[in-house]
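Letter by letter, the sequence shown follows residues -7 to -1, 1 to 310 of mature numbering (1 follows the signal peptide of the UniProt record, and there is no 0).
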Amino acid sequence: SFNTMYAQKTAEIPTISEKTLSSILEKNRTYYTQGKVADYIPELGKMDAKAIAFSVVEKNGRVLNVGDVYKKFTMQSISKIVALMIAVKENGEAGVFDKMGYFGTDQPFNHFSNLETTGKPLNPMMNAGAILTTSLISGEGEKPFLKILDMVRYITGNQTIEYNTSVYQSEKSTGHRNRGMFYLMKNNGLISGNEDQLDNYFKQCSIELTAEDLAKIGYFFANDCIRFDGDDRYKNAEMSRLILSQMLIAGMYEFSGEYARTVGLPSKSGVGGGITVSVPGKMGIGVFSPALDKHGNSAAGYHMILDLARQYDLSLF
Ligand code: DON
């Protein structure tokens, strides 16, 4: 029944075991058959549909990993939350949000009709807003991208993270819709630079990492921008409130409302098959399974998160 689907609300979360994560992963492994690997960026279509990984970083930085833990994939739209952090650090919140909205959405990630109506992107989680956000990071050429890459390396503590040049090239040569948005925003006076700025967006989407790295990103924004190992040089509660609120209302695109109802946690998906989840004040979760549902979110990934959230009563609500 409805009531037995959810655990009883408790203040503390019980320690999660690897065995629990494993059994959730096995239960949901076959959901990949209900999704489809993204192939609108041709290089992404080469991913192994059966790959699956599930990671949790608990309070105090304890890391749990099950499944294909070494499998790397591109972060894609998950990079948008890191870019937003840097753009807001440099321009202030008003300097970013006078150019785009805080709106939730009933539209897919590449929707951009607002550029014709209000003239501004709906929010920084959808492509138009994200392309604009990256253009607001200072520096010539690929400098803004390198700032995003450095921040991803810092948050994960993983200096080996690079971007996948084949995915980048593939995205650059086929991303005409994103290029169209870029020039519409330039026409609207929102973007002032040249196409290097769009390339920076393509590069940030091509940053390659693991489910564990995603869990650490989720942990960082769940804990006032304090890193999993306690490093607090970027500590900023206002920043994480902003990022988490955008993740909650638009991080899963047009599925965000239903996702808030079922999972109830700020999350950000990418078409590479990853999802980063923040359990505020508690933990970060990272999942990976490349087959996507009709909204562009990992099909098996969603079901793993849903089961974990129900089993440990992680929903905010
Ligand atoms: O711009 C694009 O189309 C991709 N690089 C990123 C889109 C994405 O990840 C949407 N998420 N589900």
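Where is the CB? At the ideal position from N, CA and C, for every residue including glycine. These figures come from a predicted structure and were not determined experimentally.
Residue ranges of uninterrupted beta strand (DSSP E) with 3 or more members, entirely inside the region 260 to 284 and ordered along the chain, are 260 to 262, 267 to 272, 276 to 281. Taking the C-beta atoms as reference points, F281 is found no nearer than 9 Å to D91. Counting only residues of its own chain and dropping the five nearest sequence neighbours on each side, Y156 has a CB closer than 6 Å to the CB of K196, S199, I200.
In this structure, the ligand DON has no non-hydrogen atom nearer than 8 Å to the beta-carbon of Q162. The beta carbons of V264 and L125 sit no closer together than 9 Å. Remark: fewer than three beta-carbon pairs, one from each stretch, lie closer than 8 Å, so the region 217 to 228 and the region 160 to 174 are not flagged as touching. For L57, no alpha helix (DSSP H) encloses it; the enclosing beta strand (DSSP E) starts and ends at 56 to 60.
Between A44 and P283, the C-beta gap is smaller than 9 Å, which places the two residues in contact. Judged by beta-carbon spacing, K275 lies beyond the 9 Å limit of L301, meaning their Cβ atoms are not closer than that value. Going by C-alpha positions, L191 is about 25 Å away from L237.
Between G134 and K140 the beta-carbon gap is near 12 Å, outside 8 Å, which marks them as no contact. Here the C-alpha atom of I34 lies approximately 29 Å from the C-alpha atom of V49.
Note that the C-beta distance between S271 and F214 is below 9 Å.
Under the criterion of beta carbons closer than 8 Å, I130 and E83 qualify as touching, at roughly 6 Å.
D206 places its beta carbon less than 9 Å from that of G279. The nearest non-hydrogen atom of the ligand DON is 8 Å or more from the C-beta of N116. When Cβ pairs closer than 8 Å are counted between the two stretches, the region 241 to 261 is seen not to touch the region 10 to 21, the count staying below three. For E231, the secondary structure class from DSSP, reduced to helix, strand or coil, is helix. Rounded to the nearest angstrom, the Cβ distance from N193 to F105 is 19 Å, too far for a contact under 8 Å. L77 is not a Cβ neighbour of P114, given a cutoff of 9 Å.
In the DSSP assignment, the residues bridged to S48 are N58, G279.
Judged by DSSP in its simplified three-state form, L202 adopts strand. Each residue's CA atom was taken as its position, placing V256 and F47 some 16 Å apart.
In the structure shown, the three-state DSSP call for F66 is strand. Y63 places its beta carbon 9 Å or farther from that of A293.
Per the C-alpha coordinates, the member of G182, V145, S233 positioned closest to K209 is V145. Of the heavy atoms belonging to the ligand DON, none sits nearer than 8 Å to the Cβ of N157.
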